[in-house]
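**Student:**
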Amino acid sequence: MDALPVDLLLRVAVVAALVFSLTAAFLFDQPSAFGAQLRQRFVLGLPWGTLVSAGFVLAVYLFLQGGWARWNAPVTLPFRAWSYLYPLGMLSAAFSHNGPGHLIGNLVGTLTLAPLAEYAWGHFTRERGSQSFSSWRTNPYVRAFVIFPAVVLAVGLLTSFFAIGPIIGFSGVVFAFAGAALVNYPLGTVIALAGGGALRLVYNALQTPILTRSARPAYISPWWADIAIQGHALGLLLGVLVGLVVVRARRRADRPSARRLWLGTLLFATEQSLWAVYWFRGGETYVLYRAAGVVLVALLALVVASAVVARDDELFRWELAGDSGVVRNWQVAVGVLLLSTAAIAGPAVPANLYTATSGDLPGDELTVRDYEVTYAENVENGLVAAVDIEAFGETTAVNTSGVIVRSEQRGIWSTAVPKGRLTFDGQVAVRLGGVGWRETVYAQRDGWNVLGNRTAYRVALGNTDSARVVYTSDPVTAGPVLAGRNVTVVPNESQYYLRVTEGNDSLSAGLPAKNESVTVDGLTFTRNRSRVFVSYDETRLQLLSKETYE
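Residue -19 is where the sequence shown starts when you use this note's numbering, and the numbers rise one by one after that.
1. Any contact of the segment 57 to 68 with the segment 321 to 341, i.e. 3+ C-beta pairs under 8 Å?
2. Using 8 Å as the threshold, is the segment 116 to 126 in touch with the segment 143 to 151, meaning 3 or more CB pairs across them?
3. Between the C-alpha atoms of residue 23 and residue 32, what's the straight-line distance to the nearest angstrom?
4. Is residue 260 helix, strand or coil when you go by DSSP?
5. Does the segment 351 to 363 come close enough to the segment 375 to 392 that 3 or more CB-CB pairs lie under 8 Å?
6. Take every Cβ of the segment 237 to 248, pair it with every Cβ of the segment 280 to 288, and state whether three or more of those distances are shorter than 8 Å.
7. Which class does residue 327 belong to by DSSP, given the choice of helix, strand or coil?
8. Over what stretch of residues does the alpha helix (DSSP H) that includes residue 166 continue unbroken?
9. Of all the options 351, 150, 514, which has the alpha carbon lying nearest to the alpha carbon of residue 37?
10. Given this structure, state the Cα-to-Cα distance separating residue 417 from residue 305, to the nearest angstrom.
11. Taking only three categories from DSSP, how would you classify residue 392?
12. Between residue 491 and residue 198, what straight-line distance do the alpha-carbon atoms span, to the nearest angstrom?
13. Under the three-state reduction of DSSP, which class applies to residue 348: helix, strand or coil?
14. Among 43, 56, 27, 52, which residue has its Cα nearest to the Cα of residue 385?
15. If you compare alpha carbons, which of 527, 126, 327, 352 is closest to residue 338?
16. Out of 307, 100, 153, which has the shortest C-alpha to C-alpha gap to residue 226?
17. Please return the same chain residues whose Cβ sits closer than 6 Å to the Cβ of residue 95, not counting the five positions on each side in sequence.
18. Per DSSP, residue 248 is paired with what?
19. Using DSSP bridges, identify the partner residues of residue 116.
20. Taking the runs of the alpha helix (DSSP H) that are 4 residues or longer, which of them lie wholly in the segment 79 to 157?
21. Given this structure, state the Cα-to-Cα distance separating residue 228 from residue 251, to the nearest angstrom.
22. Using a 10 Å radius around the Cβ and a threshold of 16 neighbouring Cβ atoms, would you call residue -19 buried or exposed?
23. Which residue from 420, 35, 131, 155 puts its Cα closest to that of residue 89?
24. Considering residue 426, what are the terminal residues of the beta strand (DSSP E) in which it resides?
25. Considering only C-alpha positions, which residue in the set 18, 80, 162 is nearest to residue 45?
26. What is the residue span of the alpha helix (DSSP H) that residue 274 lies within?
27. So which of 52, 74, 105, 409 has the shortest CA-CA distance to residue 21?
28. First and last residue of the alpha helix (DSSP H) that includes residue 67?
29. Pick helix, strand or coil for residue 333, following the three-state DSSP scheme.
30. Is residue 476 buried or exposed, if buried means 16 or more other CB atoms sit within 10 Å of its CB?
31. Would you grab the beta carbon distance between residue 469 and residue 524 for me? Rounded to a whole angstrom, and I think it's under 8 Å.
32. Decide if residue 3 is buried, meaning its Cβ has at least 16 other Cβ atoms within 10 Å, or exposed.
33. Using the Cβ count rule (16 or more neighbours within 10 Å means buried), how would you classify residue 395?
34. From 432, 507, 87, 147, pick the residue whose C-alpha is nearest to that of residue 459; which is it?
35. Return the residue from the list 448, 512, 494 that minimises the CA-CA distance to residue 576.
36. What residue does the beta strand (DSSP E) around residue 488 start on, and which one ends it?
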């Protein structure tokens, strides 16, 4: 009988250790009313609204994005929030994901934070004079399976419609869960956040029990440049507003203290990097405003705490044209919270009114249904607001380089593969598609490093069997002068040429094939597998080396 695989034994060990540890902890402790408390708030003691919401997000990934067929390679471009003129993206962006890691991270956040928000609201209403099943609003099954998921859906659409940039992912709603939980159970939310980290560790341990890695170069953009800070902050404030409705229905004695709220909000916002305010400067350069971010996080904690604990005392009275009224402390605090939410959401409106411009794309393009794919360098980034904005030395008018994807029909304009990433990887897949279809275009780069200068290269687009060169770099001249002659490498759609120049005269020949030679104006060029040598009389040196990729 064959021995069981080590990975399987380790997975079993992880599960057994967790079950044994948890069981022992319950046995050591005194019997508690924890289960009874859950049944008082949840139908059958389970957060059904959370489970339904998580199941919906998973279904979008599996069936709409094609994750069922290709778990690690979902279609993402058509399911981003590109503009108000592309409804499919706006409706699907908040529930779609970039890949399995992105999906699992948001599902873990949902399963750890959403139950707190759902518990605060409860399937069984606690309003005075109301009874379960007396109306559809108090029916616990309606509250669990309809109302809670409907609120989640609405918050998701808000984070999509009022987020800046082509966002994708459920994280805005996860932050809304956190906001609703924070104003009810501030320190419990911080504990749940730590629980999410533990849950991710268990998932990773079950998926890959033993991980081996070696030191290697990598193409890495700044970690904070991949975070939708504005969308996260918007989700958090929306969740705070929803949670505020629940917490203010309680007696003042049952509300959390201002200190706990301030500390919980500050710790959560810091841990979740809401301080990482940044700007894109074009190309592959980003700027992080760390100090300003810390100030904003401190103000955020103050706004949330004041909105929850503000008293009902009268602040001032007003009279106008015979009408009069009273403004109370809590109304001013909530007004500040609403204004803060509007200030974060407002800039998204002009940005999302913009769509991809018509006209020719730079370079030679490849067409796949309604998509146009090309490669260009140092061209104006088409993903900008309708009105150019300049502030604090930054501007929305920036340039970009890389594989560009446009669909006028969908309002898409994206640098799908930055130049730096293609230079590092050599070949990158660009997944196009829509509802019910997908097609992959591969961007491929090849080049020659020229002695004493930069690299001459070409970029091709197509599938793995057939690709067409759509971009060639400028010619590159070698640093050394050989017998009074300059040697220039000239990339062409069909091949690379060697141009030898002496004064005003020049001669050219194609780069020799592997293990062959060519002589141009007395210089002999010899190529092996990945290097080209040049010789003259008794002088021989390496002139070119083939560009390598990771």
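The beta carbon of each residue, even a glycine, is placed where N, CA and C say it ideally should be. A quick note: this is a predicted structure, and the numbers were derived from the prediction, not measured.
**Tutor:** In terms of the structure at hand:
1. yes
2. no
3. For the purposes of this step, residue 23 is identified with residue 43 of the sequence shown, where counting begins at 1. For the purposes of this step, residue 32 is identified with residue 52 of the sequence shown, where counting begins at 1. About 13 Å.
4. Position 280 of the sequence shown, counting from 1, holds the residue named residue 260. It is a strand residue.
5. yes
6. yes
7. As a first step, residue 327 is located in the sequence shown; it is residue number 347 there, counting from the start. DSSP places residue 327 in coil when its eight states are reduced to three.
8. Here residue 166 is taken as the residue at index 186 of the sequence shown, counted from 1. Note, residue 166: alpha helix (DSSP H), 166 to 187.
9. As a first step, residue 37 must be located in the sequence shown, where it is residue number 57. Ranking 351, 150, 514 by Cα distance to residue 37 puts 150 first.
10. Mapped onto the sequence shown, residue 417 falls at position 437. Mapped onto the sequence shown, residue 305 falls at position 325. Distance between the alpha carbons of residue 417 and residue 305 is about 59 Å.
11. Working through the sequence shown from its first residue, we reach residue 392 at position 412. Note: residue 392 maps to strand in three-state DSSP.
12. Within the sequence shown, the letter at position 511 stands for residue 491. Within the sequence shown, the letter at position 218 stands for residue 198. Each residue's alpha carbon lies about 31 Å from the other.
13. As a position in the sequence shown, residue 348 is number 368, starting the count at 1. DSSP places residue 348 in strand when its eight states are reduced to three.
14. By one-based count along the sequence shown, residue 385 stands at place 405. That would be 56, whose Cα lies nearest to the Cα of residue 385.
15. Working through the sequence shown from its first residue, we reach residue 338 at position 358. Considering only alpha carbons, the answer is 352.
16. Numbered from its first residue, the sequence shown carries residue 226 at position 246. Considering only alpha carbons, the answer is 100.
17. One-based indexing of the sequence shown puts residue 95 at position 115. The residues are 27, 30.
18. In the sequence shown, counting from the first residue as 1, residue 248 sits at position 268. Paired residue(s): none; residue 248 is not in a bridge.
19. Counting from one through the sequence shown, the residue named residue 116 turns up at place 136. Paired residue(s): none; residue 116 is not in a bridge.
20. 80 to 101, 128 to 141
21. As a working mapping, residue 228 is identified with position 248 in the sequence shown. As a working mapping, residue 251 is identified with position 271 in the sequence shown. Taking the straight line joining both Cα atoms gives about 27 Å.
22. In the sequence shown, residue -19 corresponds to position 1, counting from 1. Note that residue -19 scores 47 on pLDDT, short of 50, meaning its location in the model is unreliable and no value can be drawn from it.
23. Locating residue 89 in the sequence shown gives position 109, where the first residue counts as 1. Closest option to residue 89, Cα to Cα, is 155.
24. If you number the sequence shown from 1, residue 426 lands on position 446. Looking at the DSSP string, the run of the beta strand (DSSP E) that includes residue 426 is 417 to 430.
25. Indexing the sequence shown from 1 puts residue 45 at position 65. Looking at the Cα atoms, 80 is the closest of the given residues.
26. Taking the first residue of the sequence shown as position 1, residue 274 is located at position 294. Residues 270 to 289.
27. Counting from one through the sequence shown, the residue named residue 21 turns up at place 41. Nearest of 52, 74, 105, 409 to residue 21, Cα basis: 105.
28. Looking up residue 67 in the sequence shown gives position 87. Its alpha helix (DSSP H) spans residues 67 to 72.
29. Taking the first residue of the sequence shown as 1, we reach residue 333 at position 353. In the structure shown, residue 333 sits in coil (DSSP, three-state: anything other than H, G, I, E or B).
30. Counting from 1 along the sequence shown, the entry for residue 476 is found at position 496. With 16 or more Cβ atoms within 10 Å of its Cβ, residue 476 is classed as buried.
31. Numbered from 1 along the sequence shown, position 489 holds the residue referred to as residue 469. Numbered from 1 along the sequence shown, position 544 holds the residue referred to as residue 524. That belief holds up - the Cβ atoms of residue 469 and residue 524 are roughly 7 Å apart, short of 8 Å.
32. Indexing the sequence shown from 1 puts residue 3 at position 23. Residue 3 comes out exposed.
33. As a first step, residue 395 must be located in the sequence shown, where it is residue number 415. Looking at its Cβ environment, which holds 16 or more other Cβ atoms inside 10 Å, residue 395 is buried.
34. The count along the sequence shown starts at 1 and reaches residue 459 at position 479. Of the candidates 432, 507, 87, 147, the one whose C-alpha sits nearest the C-alpha of residue 459 is 432.
35. Since the first residue of the chain shown is -19 and the last is 530, residue 576 is not available in this structure.
36. Taking the first residue of the sequence shown as position 1, residue 488 is located at position 508. Start and end: 485 to 490.
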